[in-house]
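Inspection log for the structure reproduced underneath, given as structure tokens.
Protein chains: 2
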Amino acid sequence: MKRKATFCDLAPLFAALADVTRLRLLNLIAGREVCVCNLVDVLGQSQPKISRHLAYLRRAGVVSARREGKWMHYRMEEPKNAAMAAVMTTTLEGLKKDDAMRADREKLKKVCCVTDVSRDLVKIVQ
Amino acid sequence: MKRKATFCDLAPLFAALADVTRLRLLNLIAGREVCVCNLVDVLGQSQPKISRHLAYLRRAGVVSARREGKWMHYRMEEPKNAAMAAVMTTTLEGLKKDDAMRADREKLKKVCCVTDVSRDLVKIVQ
DNA sequence: CCCTCGTATGCGTTAAGGCGAATATATCCC
DNA sequence: GGGATATATTCGCCTTAACGCATACGAGGG
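Quick mapping for you: the protein sequence lines, in order, are chains A and B. Numbering-wise (my numbering), the first sequence opens with residue 2 and increments by one. Numbering-wise (my numbering), the second sequence opens with residue 2 and increments by one.
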């Protein structure tokens, strides 16, 4: 039986990358695990919108999620083959050099800082 | 006046790459200038379909076309910035290693060969 | 001028995806 | 259990795009 030609299934990965909101999310998640509320804060867009884009990225196998209490933490997932890995690396590299993306990352630092402080406060109050 | 954040416009490029037919076309065009009839032959798909995907790639600035008599020759276009260039390079590199894509390139060689022979025949008949 | 060949485009249908608004789910705390 | 918070999902609307089919356009040859 002749094997069906697969054409390296890069296309679905590119579809996942073909949206500015998702690129911004990946740019933030690439560094470390990030929770949804921080992504909403940084992008300044509605929570359902962010959540839907995260679901898309998860379906595409680009990111994965981990629940911690009420919070969902998203992180990068390991690509399934070398070609996809190369594309992801190159893409994130490109985002790293973009000014607007850099601004997003800076903002995330601040937001996470605030979050951490409030978490600490919670612990102190407790 | 504050400059609007652009987010490096990689998204439209990814949209152009998010289709198997277009990836196959790019894989063939990447090597050299190719005319539409050869692309139709190699992919074995309808001429309007191929033509529409080529038009998409042209709108996206990924390829350009040149008319020579009745024939249209398509070639790669230079990317507009470093990030896009890097993505294109990585993508074509990935396609180069894919078996199905390699088969397409082999088939193109044969098809072009036949075309050349028939062109020569035309000249001889003349 | 008409015919043919190579290529592009219009049309109608269908499917996918993006958005806001509303609602559902899940967890925690009281 | 009930309320509050974090997140996911559904719905309806709209746009884009993929496809097959038919047709238009453009160039060359009789």
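Glycine is no exception: its CB is placed at the ideal position from the N, C-alpha and C atoms.
* **Alpha-carbon spacing of Ala66 of chain B relative to Glu69 of chain A, whole angstroms** => 54 angstroms
* To do: Given a cut-off of 8 angstroms, decide if Ser52 of chain B and Val129 of chain B are closer than it, judged by their beta-carbon atoms.
  => Given a span of 2 to 127 for chain B in the structure shown, any question on residue 129 of chain B remains unanswerable.
* What is the DSSP secondary structure of Ser65 of chain A, reduced to helix, strand or coil? -> strand
* **Alpha-carbon to alpha-carbon, Arg60 of chain B and Pro13 of chain B** => 10 angstroms
* Asked: Ends of the alpha helix (DSSP H) at Thr60 of chain B?
  -> With the sequence shown as reference, residue 60 of chain B is identified as Arg, and Thr is not the correct amino acid for it. First-last of the alpha helix (DSSP H) with Arg60 of chain B: Gln48 to Arg60.
* Run through DSSP, which three-state label would Arg106 of chain A get? -> helix
* Asked: Of all Cβ atoms in chain A, is any one closer than 8 angstroms to the Cβ of Lys3 of chain B?
  -> Caution is warranted here: a pLDDT of 49 is assigned to Lys3 of chain B, below 50, making its placement in the model unreliable, and the coordinate value is therefore given only provisionally. It does not: the Cβ of Lys3 of chain B has no partner Cβ on chain A nearer than 8 angstroms.
* **As assigned by DSSP and simplified to three states, the class of Arg76 of chain A** => strand
* Asked: Cα separation between Leu11 of chain B and Glu107 of chain A?
  -> 21 angstroms
* Residue range of the alpha helix (DSSP H) that Asn28 of chain B falls in? -> Val21 to Ile30
* chain A contact residues for Lys108 of chain B, given Cβ-Cβ distances below 9 angstroms -> Within 9 angstroms Cβ-Cβ: nothing; Lys108 of chain B doesn't reach chain A, min ~11 angstroms.
* Spatial neighbours of Val185 of chain A within its chain, please: CB distance less than 7 angstroms, with the 5 preceding and 5 following residues excluded, ordered by chain position. => Here chain A covers residues 2 to 127 and nothing more, so residue 185 of chain A does not appear.
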